[in-house]
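Protein chains in written order, with UniProt numbering: chain X, 1 to 207; chain A, 1 to 207; chain R, 1 to 207; chain V, 1 to 207. Beta carbons are placed, not taken as given, at the ideal position from N, Cα and C, and that holds for glycine. Report on one structure; see the data block that follows.
Protein chains: 4
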Amino acid sequence: MNSKNKKHLDPVQAQARREQVLTAAADCFHRKGYHGAGMAEIARTAGMSAGHIYNYFDSKEAIIESIIEKDMEEMFSIFQEFEDQPGDILTVLLDGLHHGVQRHMDTGACVIDLDMMAEASRNKKVALLLREADTQARNRMRDLLVSESSLIKSHSEQELESRINVIFSVMAGLLLRKMLFPELTEETVLIALRPAMKTLLMPFDKN
Amino acid sequence: MNSKNKKHLDPVQAQARREQVLTAAADCFHRKGYHGAGMAEIARTAGMSAGHIYNYFDSKEAIIESIIEKDMEEMFSIFQEFEDQPGDILTVLLDGLHHGVQRHMDTGACVIDLDMMAEASRNKKVALLLREADTQARNRMRDLLVSESSLIKSHSEQELESRINVIFSVMAGLLLRKMLFPELTEETVLIALRPAMKTLLMPFDKN
Amino acid sequence: MNSKNKKHLDPVQAQARREQVLTAAADCFHRKGYHGAGMAEIARTAGMSAGHIYNYFDSKEAIIESIIEKDMEEMFSIFQEFEDQPGDILTVLLDGLHHGVQRHMDTGACVIDLDMMAEASRNKKVALLLREADTQARNRMRDLLVSESSLIKSHSEQELESRINVIFSVMAGLLLRKMLFPELTEETVLIALRPAMKTLLMPFDKN
Amino acid sequence: MNSKNKKHLDPVQAQARREQVLTAAADCFHRKGYHGAGMAEIARTAGMSAGHIYNYFDSKEAIIESIIEKDMEEMFSIFQEFEDQPGDILTVLLDGLHHGVQRHMDTGACVIDLDMMAEASRNKKVALLLREADTQARNRMRDLLVSESSLIKSHSEQELESRINVIFSVMAGLLLRKMLFPELTEETVLIALRPAMKTLLMPFDKN
DNA sequence: TATGAATGAGCGTTCATTCAT
DNA sequence: TATGAATGAACGCTCATTCAT
Numbered sequence: 001m002n003s004k005n006k007k008h009l010d011p012v013q014a015q016a017r018r019e020q021v022l023t024a025a026a027d028c029f030h031r032k033g034y035h036g037a038g039m040a041e042i043a044r045t046a047g048m049s050a051g052h053i054y055n056y057f058d059s060k061e062a063i064i065e066s067i068i069e070k071d072m073e074e075m076f077s078i079f080q081e082f083e084d085q086p087g088d089i090l091t092v093l094l095d096g097l098h099h100g101v102q103r104h105m106d107t108g109a110c111v112i113d114l115d116m117m118a119e120a121s122r123n124k125k126v127a128l129l130l131r132e133a134d135t136q137a138r139n140r141m142r143d144l145l146v147s148e149s150s151l152i153k154s155h156s157e158q159e160l161e162s163r164i165n166v167i168f169s170v171m172a173g174l175l176l177r178k179m180l181f182p183e184l185t186e187e188t189v190l191i192a193l194r195p196a197m198k199t200l201l202m203p204f205d206k207n
Numbered sequence: 001m002n003s004k005n006k007k008h009l010d011p012v013q014a015q016a017r018r019e020q021v022l023t024a025a026a027d028c029f030h031r032k033g034y035h036g037a038g039m040a041e042i043a044r045t046a047g048m049s050a051g052h053i054y055n056y057f058d059s060k061e062a063i064i065e066s067i068i069e070k071d072m073e074e075m076f077s078i079f080q081e082f083e084d085q086p087g088d089i090l091t092v093l094l095d096g097l098h099h100g101v102q103r104h105m106d107t108g109a110c111v112i113d114l115d116m117m118a119e120a121s122r123n124k125k126v127a128l129l130l131r132e133a134d135t136q137a138r139n140r141m142r143d144l145l146v147s148e149s150s151l152i153k154s155h156s157e158q159e160l161e162s163r164i165n166v167i168f169s170v171m172a173g174l175l176l177r178k179m180l181f182p183e184l185t186e187e188t189v190l191i192a193l194r195p196a197m198k199t200l201l202m203p204f205d206k207n
Numbered sequence: 001m002n003s004k005n006k007k008h009l010d011p012v013q014a015q016a017r018r019e020q021v022l023t024a025a026a027d028c029f030h031r032k033g034y035h036g037a038g039m040a041e042i043a044r045t046a047g048m049s050a051g052h053i054y055n056y057f058d059s060k061e062a063i064i065e066s067i068i069e070k071d072m073e074e075m076f077s078i079f080q081e082f083e084d085q086p087g088d089i090l091t092v093l094l095d096g097l098h099h100g101v102q103r104h105m106d107t108g109a110c111v112i113d114l115d116m117m118a119e120a121s122r123n124k125k126v127a128l129l130l131r132e133a134d135t136q137a138r139n140r141m142r143d144l145l146v147s148e149s150s151l152i153k154s155h156s157e158q159e160l161e162s163r164i165n166v167i168f169s170v171m172a173g174l175l176l177r178k179m180l181f182p183e184l185t186e187e188t189v190l191i192a193l194r195p196a197m198k199t200l201l202m203p204f205d206k207n
Numbered sequence: 001m002n003s004k005n006k007k008h009l010d011p012v013q014a015q016a017r018r019e020q021v022l023t024a025a026a027d028c029f030h031r032k033g034y035h036g037a038g039m040a041e042i043a044r045t046a047g048m049s050a051g052h053i054y055n056y057f058d059s060k061e062a063i064i065e066s067i068i069e070k071d072m073e074e075m076f077s078i079f080q081e082f083e084d085q086p087g088d089i090l091t092v093l094l095d096g097l098h099h100g101v102q103r104h105m106d107t108g109a110c111v112i113d114l115d116m117m118a119e120a121s122r123n124k125k126v127a128l129l130l131r132e133a134d135t136q137a138r139n140r141m142r143d144l145l146v147s148e149s150s151l152i153k154s155h156s157e158q159e160l161e162s163r164i165n166v167i168f169s170v171m172a173g174l175l176l177r178k179m180l181f182p183e184l185t186e187e188t189v190l191i192a193l194r195p196a197m198k199t200l201l202m203p204f205d206k207n
């Protein structure tokens, strides 16, 4: 039986405990990395015994999977916001750009970070989850880009794919830079990012 | 005493041994990642005993530090290429873009890969090395951008900083995407990357 | 304080609860062995919480001790059957042999199985219980062998002791063989066992 | 790679270490049972660190397998002795009976004991090994019983099978009795065992 | 009486590191 | 210089047992 579905007498408290663990784990993973953080430390951080964690998660792996899933949900809500905005996509996305930058440059909150990517290169399940999450995110983005109010909805599939990948690349890359240079500010980045993003959301020049 | 400075009877052979280890370790880290590769395997690959490695390196960590250090030295040659090209910088950089993309999307060749970045986020020495290398690379880039033949040489320092950071972000981000989606091709990426890069290398529109 | 003697408000219900646990535990031990069966599973089988079991038993070990204790009481009824039979002992025992074989080769029914014997070899209390039970069984057997209708009643104590031990050995040994070779049938065994048993119940030849 | 075949610089010393571990493990298993004995205790008993054991054995399971294999070899040599004896089988086996009894009643040496049988009921590999060992032993015994100098070589396969199983049962059963009653002596047992065994090695009476 | 949440010691195993030779 | 035998701390995980309610 999956621990996640294990019946607890008080589901509210159980959910709270789960969150405790996830928060603690995210914190530890961030500080020490997935391999560097031990269950003992996660337990200590979560304020419970190591053994008890296994009443809520089947394994350490299940914890990271949960973290990724949670992040996925969060990401969807961001796209939802974009979709709910009135006005043309270009404007909406450029206006919302600073949110995305904020998110990708908040090393604390963005837990699907380097370590998980690194883990993905070794752990098929984690890789699958990340790929799924990314694929869904790209689909959302594609929907936005081909929506009625988009300026580029008529272009080829391959070009669309390319735009999305480049957009995602630059955002993911920001995480790396922020990690290496914490002094880098959102404002600084936006100066050049906004024009570049505009280019990525508009028809390309012929020349 | 630091092993690196440990006195060896034959300094030439000692250096050769060190190289052996670094080459073997880089190979192993590539195939298995930093945590996945054991000292035993590195030793086997290097053709010496595990214990003997400790005559040349203080620890496994010292090895990865050395690898990164060595890699940094190589990196500058890339910018040299650009500098040697005739013509205006915009053209040169756009023409050379596919080389950069190639380099960042060749999972195999990019030794400073995920695991090392991840390691950097918690190893002071590695972080310092990467920051230094990155800073030097940014300086080279800055020199290119403000050179005689550049279209944007007259702009503000902060804007310049931003452009460079975004350029570096998107390139680094490509590595992450390629890792998660090996099926992503250089050609696909270039479709949107080229226009975006052009924007980043030209004066921005006023609006 | 010993849980067994712990005061319960309703001694009748307490006894019922104890039986519940013993039945459940015996079932679990059967299916999974002493080490293989966890308190959680026993509790689930008994229809109560794991913690509650400790209101009736001090430990898991105390449970197996109780099971064995209970089993011992049952065992005597077997010999009673023999004693109630008319006719000479040799005939009675040989006629009843297949019952004994059945019992020892029915892996399911024999609750005092391997795990418990194994447990006995390191648990003083269990060892004592098994020794007591075995001694009583041997005494019953001795009574049968020296009874009026026995053919060997006049022989030396040591010889009697030896006969009984060999008889008990072969019966116990059957359990081991059946465990390792479930395909072994009662009929096959009886072919050679009957003549051997006859020898053990009759005066020995001089040569 | 199987640890057993791992190359060690000094094979003599390596073999000695292996023996150390096997001896220590047999001792611990005997005192605490397979599950009760931890690697730490085995290591302490063997006079080496827990980790080092894994240079000689792949796992705890591999240790018990080795013990069983070693016991198998020992057993074969016993049969070999019987085969090498001149004279008719009945005499040889009866003369050698006390050796077998000794072996089965030496609780220390006979490590394929209760715990392994118990383990076999859960661990397929152990079960397979024990079954194999037993099958080979039975085949040896069968060869002896149908050999030229045997008194029963002409009897049916099923009867032969039965004889062997009963012989093996009584021997295995002795182990259980000795475990429960260490005061039981070989001499006492032999009084009744010898006639019974004689019966099992001769043609049965018609009645 | 009864629960199940919570504990913590212990499990088998790995591996960077040390050391006798 | 070079070996690989040996160490030991740490790992993820289990489970009998305790305890607040």
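Under 8 Å between C-beta atoms of residue i and residue j
i: Leu-184 (chain R); j: Asn-165 (chain V); result: yes
i: residue 219 (chain X); j: Leu-180 (chain A); result: Past the boundaries of the shown model lies residue 219 (chain X); chain X is included only from 1 to 207, so the question cannot be answered.
i: Thr-188 (chain X); j: Ser-162 (chain A); result: yes
i: Leu-94 (chain A); j: Met-202 (chain A); result: no
i: Ser-147 (chain R); j: Ile-89 (chain R); result: yes
i: Leu-144 (chain X); j: Ile-152 (chain X); result: no
i: Gly-33 (chain A); j: Ser-59 (chain X); result: no
i: His-35 (chain X); j: His-35 (chain A); result: yes
i: Ala-137 (chain A); j: Met-48 (chain A); result: no
Beta-carbon separation (whole angstroms), residue i vs residue j, contact threshold 8 Å
i: Ile-53 (chain X); j: Val-21 (chain X); result: 6 Å
i: Arg-103 (chain A); j: Tyr-56 (chain A); result: No, Arg-103 (chain A) and Tyr-56 (chain A) are not in contact; Cβ-Cβ is about 29 Å, not under 8 Å.
i: Ser-169 (chain V); j: Val-170 (chain R); result: 5 Å
i: Glu-119 (chain R); j: Val-126 (chain R); result: 5 Å
i: Thr-199 (chain X); j: Pro-195 (chain A); result: 5 Å
i: Lys-178 (chain R); j: Met-105 (chain R); result: 4 Å
i: Glu-73 (chain R); j: Asn-123 (chain R); result: Incorrect: roughly 19 Å between the Cβ atoms, too far for contact.
i: Ala-25 (chain V); j: Ile-42 (chain V); result: 5 Å
i: Leu-190 (chain V); j: Leu-97 (chain V); result: 7 Å
i: Cys-28 (chain A); j: Ala-40 (chain A); result: So it is not a contact: roughly 10 Å between Cβ atoms.
i: Ala-192 (chain R); j: Leu-176 (chain V); result: Ala-192 (chain R) to Leu-176 (chain V), Cβ: 20 Å. No contact.
Neighbour flag for residue i against chain A, beta carbons, 8 Å
i: Asp-134 (chain X); result: yes
i: His-8 (chain X); result: no
i: Ser-59 (chain X); result: no
i: Ser-154 (chain X); result: no
i: Leu-114 (chain X); result: yes
i: Arg-103 (chain X); result: no
i: Ser-77 (chain X); result: no
i: Asp-205 (chain X); result: yes
Beta carbon proximity, residue i to chain X, threshold 8 Å
i: Pro-86 (chain A); result: no
i: Gln-158 (chain A); result: yes
i: Leu-201 (chain A); result: no
Within-8 Å CB hit, residue i to chain V
i: Asp-95 (chain R); result: no
i: Ser-150 (chain R); result: no
Closer than 8 Å to chain R by CB, residue i
i: Pro-11 (chain V); result: no
At a CB distance below 8 Å, what residues from the region 178 to 192 of chain A approach chain X? Give them in sequence order. Hits within the stretch, in order: Met-179, Leu-180, Phe-181, Leu-184, Thr-188, Val-189, Leu-190, Ile-191, Ala-192.
Could you run through the region 164 to 176 of chain V and flag, in chain order, every residue whose CB is less than 9 Å away from some CB of chain R? Answer set for the region 164 to 176 of chain V: Ile-164, Asn-165, Val-166, Ile-167, Phe-168, Ser-169, Val-170, Met-171, Ala-172, Gly-173, Leu-174, Leu-175, Leu-176.
Name, going along the chain, the residues of the UniProt domain "HTH tetR-type" (15 to 75) of chain A whose beta-carbon falls closer than 9 Å to a beta-carbon of chain X. The residues in question are Lys-32, Gly-33, Tyr-34, His-35, Gly-36.
Could you give the uninterrupted runs of the alpha helix (DSSP H) lying entirely in the region 119 to 182 of chain A, keeping only those of 4 residues or more? Under the rule that a run must span 4 or more residues, the alpha helix (DSSP H) segments found entirely inside the region 119 to 182 of chain A read 124 to 145, 157 to 180.
Which residues of the region 121 to 148 of chain V have a Cβ closer than 8 Å to any Cβ of chain R? Give them in chain order. For the region 121 to 148 of chain V, which is checked against every Cβ of chain R, the residues closer than 8 Å are Ser-121, Arg-122, Ala-127, Leu-130, Arg-131, Asp-134.
Threshold first: 4 residues or longer. Then list the alpha helix (DSSP H) segments lying entirely within the region 83 to 112 of chain A, N to C. Here the runs fully enclosed are 89 to 105.
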